[in-house]
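Peer 1:
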Amino acid sequence: HRIVEIGCIELSNQIPTNNIFHEYINPQRPVSEEAYKIHGYSDKFLSDKKTFAEIAESFLDFINGKKLIIHNAPFDLSFLNYEMKLLKKEGIDKKNVVDTLEIARIKYPGSQNSLDALCKRFNIDNSKRKKHTALVDCHLLKEIYVNLIDQKEPKFNLENIEIIDSKFSNNINKKNNISKEIIKPSNEELQLHKKYLKSHLPKNYYN
């Protein structure tokens, strides 16, 4: 399974800047039928695009020194770091990543926490998400992230933050939902969650 698209948008104080990274990527293998139904990128469309090796340096430069916001981060990181390994480059450290799925699971245990489900929860317009394309998902994730860190959590300075999303050549469904059994977090778990946010987001947060 290879990456066929990477999209990143930069945030400054919860507002997207004009700094965007976006590349379609030639996976150097056929796109599966199921994956094509999801993102709509055909072998012909991707055939003249750059390979991951050709865009790796510019991608790493773009995210250098920044926190990354990813929905279901372990999934995306496994593929991004696989590509890095093929190039004998250092992988992305999970310490530099904020996983919105993990935050959503703690705040809304027992609920569906996919991008679409969270858009519905927060009344975010996802009508442009006819296909699962990286930049559209990035903009939706930005809105979701801002809602996840509302007044119930500390408000953070979002300087040097990147929203990132990637798509793949084969259809692998992200496991965005947890068991239907409702398990409410204890006060201790909530405090641990707050400590997690403080340790994984920029330390320069404000009230």
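The opening residue of the sequence shown carries number 1 in full-length UniProt numbering; numbering runs sequentially from there.
Cβ atoms here follow ideal geometry from the backbone N, Cα and C, with glycine treated the same way.
Given a threshold of 16 other Cβ atoms within 10 Å of its Cβ, counted over all protein chains shown, does H71 qualify as buried or as exposed?
Peer 2: buried
Peer 1: Could you check what DSSP says for S32 in three-state terms: helix, strand or coil?
Peer 2: coil
Peer 1: At the level of alpha carbons, what is the spacing between Y41 and I124?
Peer 2: 26 Å
Peer 1: Sort S111, K49, A117, K107 by Cα distance to I149 and report the nearest one.
Peer 2: Distance check between I149 and each of S111, K49, A117, K107 places K107 closest, using alpha-carbon atoms only.
Peer 1: Based on DSSP bridge pairs, tell me the residues matched to V16.
Peer 2: In the sequence as presented, Val is not what sits at residue 16; that position holds Pro. P16 pairs with L11.
Peer 1: Quick check on DSSP: helix, strand or coil for Y108?
Peer 2: coil
Peer 1: How big is the Cα-Cα spacing for V31 and I6?
Peer 2: 16 Å
Peer 1: Going by other Cβ atoms of all chains shown within 10 Å of its Cβ, with 16 needed for buried, is I15 buried or exposed?
Peer 2: exposed
Peer 1: Take L135 and list the residues in its own chain whose beta-carbon comes closer than 6 Å to its own, dropping the five residues that flank it on each side.
Peer 2: G7, H22.
Peer 1: What is the DSSP secondary structure of E83, counted as helix, strand or coil?
Peer 2: helix
Peer 1: Is it true that the CB of A56 sits closer than 8 Å to the CB of K89?
Peer 2: yes
Peer 1: Please classify F21: does DSSP put it in a helix, a strand, or coil?
Peer 2: strand
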